[in-house]
Structures are given as structure tokens and as C-alpha cells.
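For the sequence shown, my numbering gives the first residue as -4, with consecutive numbering after it.
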Amino acid sequence: MTKPDCEHCPWADPDTKAPRHQPVLGAFPSVEPIGCLIGEGPGSEEIEKGRPFVGRTGVWLDDRLEENGLNRDHLILLNAQACQPPKGLKNDDTMRQATKCCEPLFKQQHEPYKQLPTLAMGKWASAAANQGKPVTIETGRGFIRANLLVTWHPTYAAFYNPWKAGEFVNAL
-4 MTKPDCEHCP WADPDTKAPR HQPVLGAFPS VEPIGCLIGE GPGSEEIEKG
46 RPFVGRTGVW LDDRLEENGL NRDHLILLNA QACQPPKGLK NDDTMRQATK
96 CCEPLFKQQH EPYKQLPTLA MGKWASAAAN QGKPVTIETG RGFIRANLLV
146 TWHPTYAAFY NPWKAGEFVN AL
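Right, dumping it as C-alpha cells:
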């Protein structure tokens, strides 16, 4: 398995240049997948359990999927970044750098499935799926390129701006 470039990551331990915790890898269904969901990166619950989309936002996402007749057991779940940023270090520069450092791992996980419909949820998820070029809210939620659709980050839609939840759900 290809590893992230932790040595150059802004979130690596400054003394050892190693990840601060075990990176969270993607989740792959045991059945033929019908699509791929890409998030930004793991939260504390994902780090604890070692699986993507299992925290509060993951539960909210599962409910939205179910409302639309979808099930996570048929989806590939990936993140643009394999690690969670330390408190206070999350800004555009460090997010860009961390996404780039995780790019080899992301590509290895996504490459066999890139022909599947892919929903990138948020700016850095869109960057991972769009050759390093983020698609922001300003440049177009609803952006479509081949099999790629970009929508709001689910935490943003669910907990910070719930009036965006309908737009998020429409992207599913």
C-alpha cells in the first residue's frame, strides 16, 4: 500500500516527521460498488475507530443516503487526507499541503474506481478528485467533470448551515 508523504506534511509530528496517529484508509464494500464518496479527512471518532465516516457527520450522511435509497455498503468511502489536523493548524495553506502529501495514497485507493460516479464533499475533497485543483463554493457547487460531482462539505451542510442540507441531499 502506498503511504502518504508524511515527512513533508504540515500535520506530522515535528520531531519524528511521522503521522501523529494511524492514518485512516478508505472503506471498500464487499459487493460491487455503485459510487464513491470523498470527504475531507477523518475526525476524532474516525481516528479512534480507524474507519471513515463513522462520527457525527457520518451518521448524518448515512441518514441522507438512506433517505435517497442508498447504502454505504455499496459505496467506496475515501478522504482527501488520511489524518486529522492538529488544533489550530487548519487553514488553506496547510490543507493544500496535506492534501498533496496524501495524494499518492488517495490516487492508489481511487484509481481502480475513478470511472464510478464520485461525489466530492467539500473543497479539499474536490481537490483530491480534480488533480489538485479545488472547486470551491465560489467556483461552483454542483461542478460536474466526467463522473465527478462536487457539493458542500457534509459537516457544513448538517451542522453549521442546515439550510444547505437540501442542496447537499440533491447532489446525492
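Beta carbons: idealized from backbone N, C-alpha and C, even for Gly.
First and last residue of the beta strand (DSSP E) that includes residue i?
i     : result
G34   : G30 to G34
T(-3) : It is not in any beta strand (DSSP E) - T(-3) carries neither H nor E in the DSSP assignment.
Confirm, please, whether the CB-CB distance from residue j to residue i is below 7 Å.
i    : j    : result
V49  : E62  : no
I29  : L73  : no
C96  : D8   : no
C168 : L111 : Here the chain comprises residues numbered -4 to 167, so residue 168 is not present and cannot be evaluated.
P129 : L56  : no
A122 : V145 : no
A13  : R46  : no
A75  : E106 : no
Just tell me which of the options has its CA closest to the CA of residue i.
i    : options                 : result
T94  : P9, P18 and T11         : P18
G117 : Q104, R15 and R91       : R91
Q104 : F154, D87, T89 and A124 : A124
V54  : K12, K85 and R67        : R67
C4   : E98, V145 and A115      : E98
P37  : K109, N142 and R15      : R15
F101 : N86, D87, W6 and W119   : W119
G82  : E43, P47, S39 and T(-3) : One point to set straight first is that residue 82 is Lys, not Gly, in the sequence displayed. Out of E43, P47, S39 and T(-3), S39 has the C-alpha closest to the C-alpha of K82.
Y108 : N142, G127 and T89      : N142
What residues match up with residue i in a beta bridge as DSSP calls it?
i   : result
A22 : L72
Specify, as a first and last residue, the run of the alpha helix (DSSP H) that residue i falls within.
i   : result
N44 : Before going on, a small fix: residue 44 reads as Lys here, not Asn. Residues S39 to K44.
G53 : R51 to E62
Run the proximity test for residue i: is its beta-carbon closer than 6 Å to any non-hydrogen atom belonging to the ligand ADP?
i   : result
E27 : The ligand ADP is not part of the structure shown, which contains no ligands of any sort.
### Task
Taking only runs that begin and end inside the region 90 to 155, name each unbroken beta strand (DSSP E) of 3 or more residues, in chain order.
113 to 116 and 143 to 146
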